[in-house]
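Protein chains in written order, with numbering that gives the first Met the number 0: chain A, 0 to 393; chain B, 0 to 75.
For every residue, glycine included, the Cβ atom is placed at its ideal position computed from N, Cα and C.
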Amino acid sequence: MAVIKKPFKGKEKTSFPILKSTLIASSILVGTWPVIAAILPEDRADALYHSYDGGGVEINGPSLLVRKSMSNNTSLSANYYIDSITSASIDVVTSASPYTEERTEYSVSGDYLHDKTTLSLAYTQSTENDFEAQSAHFSLSQDFFGDLSTVTMGYSRGWDEVGKTGDSDFNEAVSRQHYRVGLSQILTKSLVTELGWEIITDEGYLNNPYRTIRFIDPNDLSKYQREPEEYPRTRTSSALAARVMYYLPYRASVHGSYRFYQDTWGINAHTYEVGYTHPYKKNWLFDLRYRQYSQNSADFYRDLFQRQEELTFRARDKELSTYSTQTLGFSVSYQFTPSSLQFIKRGSINFAYDRIRFDYDNFRDLRVNNVNAGNEPLYRFSANVIQLYFSLWY
Amino acid sequence: MTRCSIKATTGLCLLILINACSIQPWVKPYERQHLADPIMTFQRDPISSAYINHVYQAREAARGAEGGQGGGCGCN
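Below, the structure is given as structure tokens:
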């Protein structure tokens, strides 16, 4: 697909939400453990190809994750991840020009197990042409009560540098802090639950330097003009989640989860998810899942402002609007044991597909320009998310 | 809150605490074969879970508490 980047005309948020996850590697590096007793994660290597296609945005690339135990109580892990982005999203096509860019992320981590306590440290670095992010993570996990309960506490600190393509003098910083606590509790022989609470604080330049808002043109009320967005320089959010998983008598499992989210920008959000896992014969594993998400808009969000500088803070980022998403997805996994490679315990080939539908309640489709400002149809789109990955345990 | 309700709440907390001390783990290690099955893991393949969380974090305002012991999502 031919794309022409015109950086001076600005670009959509695409790269920025991706950078929301600059600390994400901690979750795959610090790892998840079975719900029975304190043990280190298994030695394994994963190679993933990922693809997102929706709303004029295509993002794909590889992710490689390797974990190896160094001793009975120490495990190291490393992750290499790339997002190759081609964006002609609605923001881009209505206010700038399509562009391509790439984000590269490296992460390393170490876990140390002592008795029923696991200490984890991780470091992540993410780079793209106009954004640099570093983050450090600490986590402490303790099993108790006959290993029926696991309490986890975590802290992360991130440092971002925000640049602007075409403006070498533009240089802003963001500081981020995460505080996490979690409880995993075995309730019966077949039922396990998790509770998680995470507080995140951001301080610094939280705008997207390229995005604009629109306001009614005072000279022609049927049209609109644009001005830069203006965000608060702080944001604090709190998310509380509960998950439950149940083992069915015929060897299958069902799970459900709910998360409530709230932040100081006035956004409340609810996330529901249910899923079903079904093994078939010796080698196959099937997953089916459904997810529903909804949020209200930020206090300073408007699709169309009434006048220039109407509010002190102003945003027209669709991720800050009122909207909902629905996801239906499935996964297929084939597991095998290679007989010719003695050092490989087992392997799996996996395919996952998710279709996400986005329905916006107060973000309008500005590609329709033959109507008066504010009367454009509401925006909606669907996205296809594909994962193909290969895993080896050794 | 009245003094009476404070006393009642304190009493209830003490009662729960005393009872909690006498509770023993009710699922024995030899009864956990179902829980040890990989299909009972919330995030069976970390590389896949992290990616799909990333997809949502990039397109939704909500962040945090995505699951996974210790790591958290580390978003935004």
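Just list the residues that DSSP pairs residue i with in beta bridges.
i, result
"V65 (chain A)", "A:A44 and A:A77"
"Y300 (chain A)", "A:A314"
"S339 (chain A)", "DSSP, once it has assigned bridges, lists no residue as partnering S339 (chain A)."
"A328 (chain A)", "Checking the sequence, you will find Gly at residue 328 (chain A) rather than Ala. Note: G328 (chain A) sits in a beta bridge opposite A:R288 and A:D353."
"A238 (chain A)", "A:E197 and A:Y260"
"S83 (chain A)", "A:N59 and A:E101"
"P227 (chain A)", "A:T211"
"E131 (chain A)", "A:T126 and A:E160"
"Q294 (chain A)", "A:A268 and A:Y322"
"G165 (chain A)", "Its beta-bridge partners do not exist; DSSP assigns none."
"Q141 (chain A)", "A:T116 and A:V150"
"Y246 (chain A)", "A:S252"
"A121 (chain A)", "A:S108 and A:H136"
"W283 (chain A)", "A:Y279 and A:Y333"
"Y204 (chain A)", "Beta-bridge pairing links Y204 (chain A) to no other residue."
"G53 (chain A)", "A:V56 and A:A382"
"S155 (chain A)", "A:H136 and A:H177"
"S70 (chain A)", "A:T73"
By the DSSP assignment, the alpha helix (DSSP H) with residue i in it spans what residues?
i, result
"I89 (chain A)", "I89 to S94"
"R58 (chain B)", "P45 to R58"
"Q32 (chain B)", "Q32 to A35"
Can you tell which of the options has its C-alpha closest to the C-alpha of residue i?
i, options, result
"R288 (chain A)", "A:T326, A:Y260, A:Q307 and A:E309", "A:T326"
"R258 (chain A)", "A:W264, A:P278 and A:S293", "A:S293"
"P37 (chain B)", "A:A251, A:S381 and A:V367", "A:A251"
"P61 (chain A)", "A:Y393, A:W392 and A:L387", "A:L387"
"E228 (chain A)", "A:D316, A:T123, A:W392 and A:L63", "A:D316"
"D82 (chain A)", "A:Y322, A:T99 and A:H277", "A:T99"
"N383 (chain A)", "B:I51, B:C12 and B:K6", "B:I51"
"P337 (chain A)", "A:L391, A:H177, A:S94 and A:S119", "A:L391"
"M69 (chain A)", "A:S108, A:S183, A:T270 and A:T321", "A:S108"
"G373 (chain A)", "A:D219, A:S138, A:A46 and A:T164", "A:D219"
"R179 (chain A)", "A:S76, A:H136 and A:S339", "A:H136"
"T164 (chain A)", "A:N282, A:L319, A:A95 and A:R242", "A:A95"
"K27 (chain B)", "A:F335, A:A37, A:F144 and A:E104", "A:F144"
"G328 (chain A)", "A:V273, A:A172 and A:S140", "A:V273"
Specify, as a first and last residue, the run of the beta strand (DSSP E) that residue i falls within.
i, result
"Q305 (chain A)", "Element bounds for Q305 (chain A): n/a, residue is neither H nor E."
"L147 (chain A)", "No beta strand (DSSP E) contains L147 (chain A), which DSSP labels as neither H nor E."
"Q184 (chain A)", "E171 to T187"
"N349 (chain A)", "R345 to R363"
"G274 (chain A)", "N267 to Y279"
"L377 (chain A)", "L377 to W392"
Between residue i and residue j, which are expected to be in contact by the criterion C-beta below 8 Å, what is the C-beta distance as a whole number of angstroms?
i, j, result
"R363 (chain A)", "D302 (chain A)", "5 Å"
"T149 (chain A)", "Y111 (chain A)", "Contact doesn't hold; Cβ gap of about 16 Å is too wide."
"D114 (chain A)", "G162 (chain A)", "That belief does not hold up - the Cβ atoms of D114 (chain A) and G162 (chain A) are roughly 46 Å apart, past 8 Å."
"R232 (chain A)", "G203 (chain A)", "6 Å"
"Y279 (chain A)", "M39 (chain B)", "Rounded, the Cβ-Cβ distance is 17 Å, inconsistent with contact."
"Y271 (chain A)", "I343 (chain A)", "Wrong, their Cβ atoms sit about 39 Å apart, outside the cutoff."
"S320 (chain A)", "N361 (chain A)", "5 Å"
Check whether the Cβ of residue i lies closer than 7 Å to any heavy atom of the ligand ZN, and answer yes or no.
i, result
"E160 (chain A)", "Looking at this structure, you won't find the ligand ZN or any other ligand, since it has none at all."
Can you list, in chain order, the residues of the segment 186-206 of chain A whose Cβ is nearer than 7 Å to any Cβ on chain B? T187, K188, S189, V191, E193, G195, W196, E197, I199 and D201
Contact list for the segment 367-381 of chain A against chain B, Cβ threshold 9 Å: none
Residues of the segment 38-61 of chain B with Cβ closer than 9 Å to any Cβ of chain A, in chain order: I38, M39, T40, F41, Q42, R43, D44, P45, I46, S47, S48, A49, Y50, I51, N52, H53, V54, Y55, Q56, A57, R58, E59, A60 and A61
Please list the residues of the segment 132-161 of chain A that have a C-beta atom closer than 7 Å to any C-beta atom in chain B, keeping them in chain order. S134, H136, S138, S140, F144, G145, L147, T149, T151, G153 and S155
Using a beta-carbon distance cut-off of less than 7 Å, what residues from the segment 76-103 of chain A approach chain B? none
For the segment 47-67 of chain A, enumerate the residues whose C-beta is nearer than 8 Å to any C-beta of chain B, in chain order. L47, H49, Y51, S62 and L64
Taking a cut of 7 Å between CB atoms, which residues from the segment 226-249 of chain A lie near chain B? S236, A238, L239, A240, R242, M244 and Y246
Against chain B: residues of the segment 256-268 of chain A by CB proximity under 7 Å: R258, Y260, I266 and A268
Give the residues from the segment 292-315 of chain A that approach chain B closer than 8 Å (Cβ to any Cβ), ordered along the chain. Y292, Q294 and A297
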